[in-house]
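In our numbering, the protein residues as written are 2 to 166.
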């Protein structure tokens, strides 16, 4: 074989090993996340998110309890679009590292044990840090009146600014 073919094969092999290592590291991070609850299936509301998220409905809204509770898992860098909840929302962070930001305010770093109380109709987003899985419980309060209004995606430049402020 010529030196050019050997060099090309070596580069290809190196890329394959690097990609396999990256995938292994990503999978390892995923398995280290303690979701407490089942991670669930890929989020059926994925059109309103950047990146991949998973949803497990823990308690659907009903006429007895008047609240919707879900476990949401975000892959690294995944996040919601900007949105509002007419009845408010509470986030209980279970694991990983993420961010919460209200329109016009600095982003807030979130970690295990944090609680975010989101007032009615406040435009916001939340999601994972670029290097961490992120898991939270979402409790939509004032159930009968609570409607989610999905808005535009968080621009990449705005996400990067929030992460590195």
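All residues carry an ideal CB built from backbone N, CA and C; glycine is no exception.
Exercise. Give the straight-line distance between the Cα atoms of residue 4 and residue 52, rounded to the nearest whole angstrom.
Key: Walking along the chain shown from the start, residue 4 turns up at place 3. Walking along the chain shown from the start, residue 52 turns up at place 51. Confidence in residue 4 is poor, its pLDDT being 48 and thus under 50, which makes the residue's placement too unreliable to answer from.
Quiz item: Under 8 angstroms between the Cβ atoms of residue 85 and residue 124?
Solution: In the chain shown, counting from the first residue as 1, residue 85 sits at position 84. In the chain shown, counting from the first residue as 1, residue 124 sits at position 123. Yes.
Quiz item: Starting from residue 161 and walking both ways along the alpha helix (DSSP H), at which residues does that stretch end?
Solution: Residue 161 sits at position 160 when you count from the first residue of the chain shown. Per DSSP, the continuous alpha helix (DSSP H) segment holding residue 161 begins and ends at 157-165.
Quiz item: Rounded to a whole number of angstroms, what is the C-alpha to C-alpha distance between residue 67 and residue 58?
Solution: The count along the chain shown starts at 1 and reaches residue 67 at position 66. The count along the chain shown starts at 1 and reaches residue 58 at position 57. So the alpha carbons of these two residues sit roughly 14 angstroms apart.
Practice problem: Could you check which residue in 145, 117, 128 has the C-alpha nearest to that of residue 159? | Solution: Counting from one through the chain shown, the residue named residue 159 turns up at place 158. Cα-wise, what sits closest to residue 159 is 128.
Practice problem: Output the boundary residues of the beta strand (DSSP E) element that contains residue 71. | Solution: Walking along the chain shown from the start, residue 71 turns up at place 70. From DSSP, the beta strand (DSSP E) with residue 71 extends over 69-75.
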